[in-house]
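Q: First the structure, then my questions, so here it is.
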Amino acid sequence: METATLRSILEYAVRAPSTHNTQPWLFKISEGKELEIFYDPQYVLKQADKELRDLHISIGCMLENLRLASMHFGYNAEISFGPFSENFKKAHVVFVQKSLLSDLDKRLFETINKRVNARGVFSPIAIPDIVKKQIIEMSSGSKIKLTLIESKEDIKKIGMLTEQSMHMAYENKSFRKEMSGWMNSNISSKKEGIPGFALKMPFFLSFFIPFFVRFFNMGNILGRKNYESISSAPLLVMFSGEDIELSWIETGILAEKVMLFLQSLNFQTSIFVGAIEMGDFYKEIMSITKNTTRPQFLFGAGKILGMHKITPRHDIDRKIIF
Ligand SMILES: Cc1cc2nc3c(=O)[nH]c(=O)nc-3n(C[C@H](O)[C@H](O)[C@H](O)COP(=O)(O)O)c2cc1C
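Following my numbering, the numbering of the sequence shown begins with 70 at its first residue and continues without gaps.
Rendered as structure tokens:
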């Protein structure tokens with residue numbers, strides 16, 4: 070494979086969502102047709118992602134983009150991952166010619182550069198039943214269980230748990246310090262972290278909010294905002310499975326597929342992992358949703374009206390190692 074093609078594939082891969090927009094991946098290219106993927110330990114969120122669940126989910130999302138982009142350029146990406154931990158090695162990709170994109174994969178690929186994690190209040194427009202059916206079908210064959218949460222009452226309960234989880238998180242000074250370091254102003258030239266516009270911050274406030282987050286406990290305000298957003302969602306999509314690295318990566322792969330699908334139909338998706346990550350709130354989600362497997366990831370889906378701008382990424386050269 071030409072290096073230029075591989076670079077183009079990686080440009081699509083890194084458009085994936087990642088926790089706090091950390092983009093924790095590193096790529097090592099060997100002989101032009103094989104790729105090794107590592108995570109960069111400097112991007113571990115020691116407070117927000119103690120178990121590295123979100124780091125693995127982020128890498129899973131990136132692998133799904135990589136698979137789609139490889140097919141667009143005529144290659145089948147044979148992706149394997151694990152065993153983990155000892156040496157940071159996470160995934161190995163062999164590119165094999167030649168593959169055809171299915172209509173669904175073409176649709177997903179064409180959405181990669183438009184996908185954003187939207188934030189804000191959802192309008193009451195429902196997701197049609199046919200779309201929900203297609204989402205369920207997308208999960209067939211995956212080890213990850215996909216649950217659609219549609220009852221307004223259950224959605225509100227999960228909104229409340231998320232609000233409480235944010236109170237808990239923001240009480241911790243180290244969490245606040247870490248979080249503020251990943252929030253940027255609306256005109257920041259930083260290529261990592263979340264720009265103010267993506268958090269729907271007004272222009273002037275975007276210069277001060279990271280400071281306030283760091284030195285004051287804003288858990289009440291931010292928790293309420295999350296509650297308002299989640300409770301307005303017509304649908305929550307939850308992914309659950311075994312609590313191991315392998316299943317976190319698989320969660321990311323499936324979640325990215327479903328988020329791309331929904332966004333290809335002009336719906337928005339908005340991720341909320343507070344109640345999954347903090348304390349024991351996940352147990353309450355399990356009881357609300359009558360789920361026996363551990364929740365790993367969750368997003369709201371529907372229409373969030375207004376502009377949703379894409380967020381920056383590092384140049385691909387910074388992510389390639391030799
Ligand atoms: C594993 C994971 C967890 C995330 N958790 C949250 C969250 O709890 N709240 C939130 O607002 N965004 C969350 N995000 C969204 C990221 O902040 C977002 O993907 C990143 O800033 C890049 O922006 P983009 O998705 O619009 O490209 C999460 C993303 C991932 C992959």
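Just so you know, even glycine gets a beta-carbon here, dropped at the ideal spot from N, CA and C. Keep in mind it's a predicted model, so treat the numbers as computed, not measured.
Could you check if P86 belongs to the surroundings of ligand 1, using beta carbon to heavy atom distance under 8 Å?
A: Indeed, a heavy atom of ligand 1 lies less than 8 Å from the Cβ.
Q: Given 8 Å as the limit, tell me if H141 has its C-beta closer than that to any heavy atom belonging to ligand 3.
A: Ligand 3 is not part of this structure, which contains only ligand 1.
Q: Comparing C-alpha positions only, which one of T380, L169, E325 sits nearest to G265?
A: Answer by Cα proximity: T380.
Q: Does the Cβ of D118 have 16 or more other Cβ atoms within 10 Å, making it buried, or fewer, making it exposed?
A: Looking at its Cβ environment, which holds 16 or more other Cβ atoms inside 10 Å, D118 is buried.
Q: Go to K221, then tell me how far its alpha helix (DSSP H) extends in each direction, as first and last residue.
A: Residues 221-239.
Q: Is the closest heavy atom of ligand 1 to the C-beta of N186 under 8 Å?
A: Answer for N186: yes, Cβ within range of ligand 1.
Q: Pick helix, strand or coil for S249, following the three-state DSSP scheme.
A: Looking at S249 - three-state DSSP - the assignment turns out to be helix.
Q: If contacts are defined as beta-carbon pairs under 8 Å, then G343 and T231 qualify, I think. What distance do you get, rounded to the angstrom?
A: Contact flag correct, Cβ pair sits at about 5 Å.
Q: Report yes if the CB atom of T320 is closer than 9 Å to the CB atom of I205, and no otherwise.
A: Cβ atoms of T320 and I205: not closer than 9 Å.
Q: At a cut-off of 8 Å, is T380 close to ligand 1 when judged by its beta-carbon and the heavy atoms of the ligand?
A: T380 Cβ: within cutoff of ligand 1.
Q: The beta strand (DSSP E) with M307 in it runs from where to where?
A: Unbroken beta strand (DSSP E) run through M307: 304-309.
Q: Should I224 be counted as a contact of ligand 1 given a C-beta to heavy atom distance under 8 Å?
A: No.
Q: Would you grab the beta carbon distance between S171 and N145 for me? Rounded to a whole angstrom, and I think it's under 8 Å.
A: S171 to N145, Cβ: 12 Å. No contact.
Q: Should F341 and L367 be called a contact, given that it needs their Cβ atoms to be closer than 9 Å?
A: Their beta carbons are under 9 Å apart, which means F341 touches L367 by this criterion.
Q: For E133 and K388, I'd like the C-alpha separation in whole angstroms.
A: Their Cα atoms are separated by approximately 17 Å.
Q: Should A138 be listed as close to ligand 1, given that the test is whether its C-beta is under 8 Å from any heavy atom?
A: No, the Cβ of A138 stays beyond 8 Å of every heavy atom of ligand 1.
Q: Please tell me whether L323 and S249 are closer than 9 Å, where the distance is taken between their beta carbons.
A: Contact flag unset, no.
Q: Per DSSP, S339 forms a beta bridge with which residues?
A: According to DSSP, S339 bridges with G369.
Q: So which of T180, H125, M235, F107 has the shortest CA-CA distance to M287?
A: The option with the nearest alpha carbon to M287 is M235.
Q: Three-state secondary structure (DSSP) at T88?
A: DSSP places T88 in helix when its eight states are reduced to three.
Q: Go through its chain and collect everything with a Cβ distance to I126's Cβ below 6 Å, but skip five positions before and after it.
A: For I126, where only same-chain residues beyond five positions count, the Cβ hits under 6 Å are W317, T320, G321, F366.
Q: Would the beta-carbon of V113 be found less than 8 Å away from any heavy atom of ligand 1?
A: No, Cβ of V113 sits at least 8 Å from all heavy atoms of ligand 1.
Q: What do you reckon, is the C-beta of S339 under 8 Å from a heavy atom of ligand 1?
A: Flag set: Cβ of S339 near ligand 1.
Q: Exposed or buried, what is K221 when buried is set at 16 or more other beta-carbons lying within 10 Å of its beta-carbon?
A: Exposed: under 16 other Cβ atoms inside 10 Å.
Q: For A324, does the three-state DSSP call read helix, strand or coil?
A: A324 falls in the helix class under three-state DSSP.
Q: In terms of residue numbering, what span does the beta strand (DSSP E) encompassing T380 cover?
A: Segment: none, T380 is in no beta strand (DSSP E) and carries neither H nor E.
Q: Have a look at the DSSP bridge pairing and note the partners of E71.
A: DSSP, once it has assigned bridges, lists no residue as partnering E71.
Q: Any idea what DSSP makes of K97, helix, strand or coil?
A: Strand.
Q: Quick one: measure Cβ to Cβ for L177 and L329, integer angstroms, because I've assumed they're closer than 8 Å.
A: Right, their Cβ atoms sit about 4 Å apart.
Q: Closest by CA to A238, which one among D349, F96, E71, T74?
A: Ranking the options by Cα distance to A238, first place goes to D349.
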